[in-house]
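One structure is given here, and the rest of the page talks about it.
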Amino acid sequence: MDLFEKNIFWDRLLKGIEERVNVQSFTTWFKPLVLKELTKDTLVISVPQPYFSSWLEEHYLPLITSVSRSILGYDIAILFSFSDSLEDKESPPQTFPEENNPREATYRSALKNDTAFLDQLNLNSRFTFDTFVVGHSNQFAYAAAKAVAEAPGNTAFNPLVMYGGVGLGKTHILQAIAHHYLNSVKAQKGMNRVIYVSSEKFTMDFILSIQNKLASQYSKYYRTANLLLIDDIQFFNNKERTQEEFFHIFNDLHQKGKQIVLTMDCPPAQLKGLADRLINRFQWGLVTDIQPPDFETRIAILQKKALNDGVNLDPSIAEYIAEHITSNIRELEGSLIRLLAYSSLHGQDLSLDMAVTILGDTIRKPSKLITIEYIQKMVSEHFSISPNMIIGESRHKEIAAARHIAIYLCKQLTSSSLKTIGLHFGGRDHSTVIHSISFTKNKIVSDPAFSKQVHTLIEKAKNPDY
Ligand code: ADP
Ligand code: MG
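This is how it looks when you write it as structure tokens:
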């Protein structure tokens, strides 16, 4: 089946399903699906969240099977697959005969014909600038990404490096650059060689190209990019040959004024297992971070997502989710999807009560596990002072600062009352506890470095392996 036929099949499948389920179920469960692969006997569907697979299997497999049968006239196996960026992460065959090597064909046609490769980009159509909510936490990265997408290679941001924690929108914004550029006038004039790739895929392709004696085509392919976007560079760690190959590609493109954009999970200087000369180059252009979203941005993201799914989200529900899920936008979206799913399945309207019941378990989990003693221990280790000093009377600046943070974290992460918290901190009274909390809150707002430190501690508390 060629690409055209596959797309027709997929369209008809979705239309057939749309006719048979209610609107909300369709928007929640089927709209986000993407056709990944269709062969004579198998249909592989990409799902946007891991739990879609089990949900679809449990609730909708017979329906998908029967609609698919009505189109094809026979039964095929239906599989669901989750991968982060919708990129093909299946392990490719170890080696293949030269003459029908699909990668070779890909490189050849890509080199011959600029447009041929666009199909291979594997972009998630949802990850555009339009769907990206801008707030304090990401406005700088957003502005830089937009500038680069408008005039790749013609800004001072080469390379543009964006870093941030898991689920904060790095992949989204990186792919938005590709979408924007591909839709722009320049791309239509044939300067459209955009390559978007995860660092894992880059590595895998590089290894395969060596095994299959295609290293020079591989390198040439990357060197003809106008815009090279590589996601999650930290996974180059300890892969020396890949790093070396990338180093040469980087130099070549940079010298020719071609745009390079990279994402990573920490500032370049903190990358482990990467060659100094690479880290050095990452700092040539602009390095910008993406911070966890503040409360207002979290609300805006939820509202926008709901609107996209055709749902009017009551502010009290948005606030409930945004108050409790603070550090990962993927989880924020996941909670909303779970709610929509529940409401669609049970035919009930969304309500705050429903949100509390459905999300309560996940949301309350951290406070069950995190104790005041644990926070005191963690904060004292972080600042290299003893827990006794944090609890004690010292007014030494550093110790008092650590104490304020510890008290703030106890309020945020445990369900203990102010009185209980005070008792655990050497019998301090309620107003002293309040003072520590508001002092820390104010500093979080006014001092980004401090805010980051507190955020790191929160992550650490929630996830001891952090
Ligand atoms: P990362 O690559 O940093 O781990 P992703 O880019 O995959 O994170 O983002 C996780 C999810 O959160 C995606 O579904 C993405 O669309 C969404 N998301 C992240 N940031 C934003 C934002 N600012 N506005 C809207 N959605 C966002
Ligand atoms: Mg990512």
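According to the numbering used here, the stretch in the sequence shown is residues 184 to 649, in order.
Cβ coordinates follow ideal geometry from the N, Cα and C atoms, glycine included.
All values reported here derive from a predicted model rather than from experimental measurement.
Range of the contiguous beta strand (DSSP E) that encloses residue i
{"i": "Phe-265", "result": "260–265"}
{"i": "Gln-442", "result": "442–447"}
{"i": "Ile-416", "result": "Ile-416 -> no beta strand (DSSP E), and no H or E assigned at all."}
{"i": "Val-204", "result": "First-last for Val-204: undefined, no H or E at that position."}
{"i": "Lys-219", "result": "217–221"}
{"i": "Thr-471", "result": "469–473"}
{"i": "Ser-381", "result": "377–381"}
{"i": "Ser-141", "result": "A query on residue 141 cannot be resolved here, the shown segment of the chain reaching from 184 to 649 and no further."}
{"i": "Ile-228", "result": "225–230"}
{"i": "Gly-344", "result": "Note that residue 344 is Val in the sequence shown, not Gly. Segment 343–347, the beta strand (DSSP E) holding Val-344."}
Contact belief for residue i with residue j at Cβ below 8 angstroms, rounded distance in angstroms
{"i": "Arg-513", "j": "Ile-541", "result": "So it is not a contact: roughly 18 angstroms between Cβ atoms."}
{"i": "Asp-582", "j": "Gln-559", "result": "Residue identity check: residue 582 is Ile in the sequence provided, not Asp. No, Ile-582 and Gln-559 are not in contact; Cβ-Cβ is about 12 angstroms, not under 8 angstroms."}
{"i": "Ile-590", "j": "Ser-567", "result": "Not confirmed; about 19 angstroms, so no contact."}
{"i": "Ile-500", "j": "Leu-535", "result": "5 angstroms"}
{"i": "Pro-342", "j": "Phe-430", "result": "Between Phe-430 and Pro-342 the Cβ distance is about 12 angstroms, and since that is not below 8 angstroms, they are no contact."}
{"i": "Ala-359", "j": "Val-377", "result": "About 12 angstroms; that fails the 8 angstroms criterion."}
{"i": "Gln-207", "j": "Ser-518", "result": "Going by Cβ atoms, the distance from Gln-207 to Ser-518 rounds to 17 angstroms, so no, they are not a contact pair."}
{"i": "Phe-315", "j": "His-363", "result": "About 11 angstroms; that fails the 8 angstroms criterion."}
{"i": "Ile-641", "j": "Leu-592", "result": "7 angstroms"}
{"i": "Phe-213", "j": "Leu-197", "result": "6 angstroms"}
{"i": "Arg-203", "j": "Leu-246", "result": "6 angstroms"}
{"i": "Tyr-401", "j": "Ser-392", "result": "4 angstroms"}
{"i": "Gln-426", "j": "Val-331", "result": "The pair is not a contact, with the Cβ atoms about 23 angstroms apart (cut-off 8 angstroms)."}
{"i": "Phe-265", "j": "Val-230", "result": "5 angstroms"}
{"i": "Met-561", "j": "Lys-643", "result": "6 angstroms"}
{"i": "Thr-211", "j": "Asp-544", "result": "20 angstroms between Cβ atoms; not a contact."}
{"i": "Glu-670", "j": "Phe-389", "result": "This structure gives no information on residue 670, because the portion of the chain shown stretches from 184 to 649."}
{"i": "Leu-221", "j": "Lys-189", "result": "5 angstroms"}
{"i": "Ile-555", "j": "Ile-604", "result": "6 angstroms"}
{"i": "Leu-485", "j": "Ile-504", "result": "6 angstroms"}
{"i": "Val-444", "j": "Leu-357", "result": "6 angstroms"}
From the options, residue whose alpha carbon lies closest to that of residue i
{"i": "Thr-509", "options": "Glu-516, Pro-475 and Tyr-346", "result": "Pro-475"}
{"i": "Ser-381", "options": "Ala-361, Thr-354 and Gln-400", "result": "Thr-354"}
{"i": "Tyr-346", "options": "Ala-327, Thr-338 and Leu-528", "result": "Ala-327"}
{"i": "Val-539", "options": "Glu-506, Ser-253 and Glu-201", "result": "Glu-506"}
{"i": "Pro-498", "options": "Asn-491, Tyr-405 and Ala-483", "result": "Ala-483"}
{"i": "Phe-310", "options": "Gly-350, Arg-578, Asn-190 and Ser-249", "result": "Gly-350"}
{"i": "Thr-338", "options": "Trp-467, Ser-367 and Tyr-405", "result": "Trp-467"}
{"i": "Leu-454", "options": "Leu-436, Asn-421 and Ile-443", "result": "Asn-421"}
{"i": "Ala-452", "options": "Ser-614, Ala-332 and Val-470", "result": "Val-470"}
{"i": "Ile-588", "options": "Ser-577, Pro-335 and Ser-621", "result": "Ser-621"}
{"i": "Gly-352", "options": "Glu-516, Glu-502 and Glu-423", "result": "Glu-516"}
{"i": "Tyr-557", "options": "Ile-546, His-529 and Phe-608", "result": "Phe-608"}
{"i": "His-242", "options": "His-579, Ser-569, Ala-524 and Leu-306", "result": "Ala-524"}
{"i": "Leu-255", "options": "Phe-192, Asn-307 and Gly-530", "result": "Phe-192"}
{"i": "Pro-570", "options": "Val-637, Lys-384 and Arg-586", "result": "Arg-586"}
{"i": "Glu-201", "options": "Ile-432, Ser-237, Ala-489 and Val-250", "result": "Val-250"}
{"i": "Asp-477", "options": "Glu-502, Leu-461, Ile-356 and Lys-396", "result": "Glu-502"}
{"i": "Leu-306", "options": "Gly-530, Lys-219 and Thr-639", "result": "Lys-219"}
{"i": "Lys-384", "options": "Tyr-405, Ser-399 and Lys-396", "result": "Tyr-405"}
{"i": "Asn-511", "options": "Leu-365, Ser-367, His-638 and Ser-253", "result": "His-638"}
{"i": "Thr-248", "options": "Gly-199, Asn-205 and Pro-233", "result": "Gly-199"}
{"i": "Gln-438", "options": "Lys-403, Gly-336 and Lys-329", "result": "Gly-336"}
{"i": "Asn-495", "options": "Thr-480, Asp-459, Leu-461 and Asp-532", "result": "Asp-532"}
The alpha helix (DSSP H) enclosing residue i, as first and last residue numbers
{"i": "Gly-605", "result": "601–607"}
{"i": "Gly-517", "result": "512–529"}
{"i": "Tyr-257", "result": "From DSSP, Tyr-257 is part of no alpha helix (DSSP H); its letter is neither H nor E."}
{"i": "Leu-365", "result": "353–365"}
{"i": "Leu-596", "result": "580–596"}
{"i": "Leu-533", "result": "First-last for Leu-533: undefined, no H or E at that position."}
{"i": "Val-331", "result": "322–333"}
{"i": "Gln-400", "result": "398–406"}
{"i": "Ser-499", "result": "498–507"}
{"i": "Ile-620", "result": "613–629"}
{"i": "Ser-563", "result": "555–565"}
CB contact check: residue i to chain B, cutoff 7 angstroms
{"i": "Tyr-243", "result": "Any reference to chain B falls outside this structure, which holds one protein chain only."}
>> With a threshold of 8 angstroms, are at least 3 pairs of Cβ atoms found where one atom belongs to the segment 400–417 and the other to the segment 441–458?
In response: Contact between the segment 400–417 and the segment 441–458 is present, because at least three Cβ pairs lie under 8 angstroms.
> Can you find at least 3 beta carbon pairs, one from the segment 395–413 and one from the segment 309–326, that sit closer than 8 angstroms?
Replying inline: no
> If we count Cβ pairs, one from each stretch, closer than 8 angstroms, do we get three or more for the segment 218–238 versus the segment 250–265?
Replying inline: yes
> For the segment 596–607 against the segment 622–636, are there 3 or more C-beta pairs whose distance is under 8 angstroms?
Replying inline: In short, these stretches do not touch, since the Cβ pair count stays below three.
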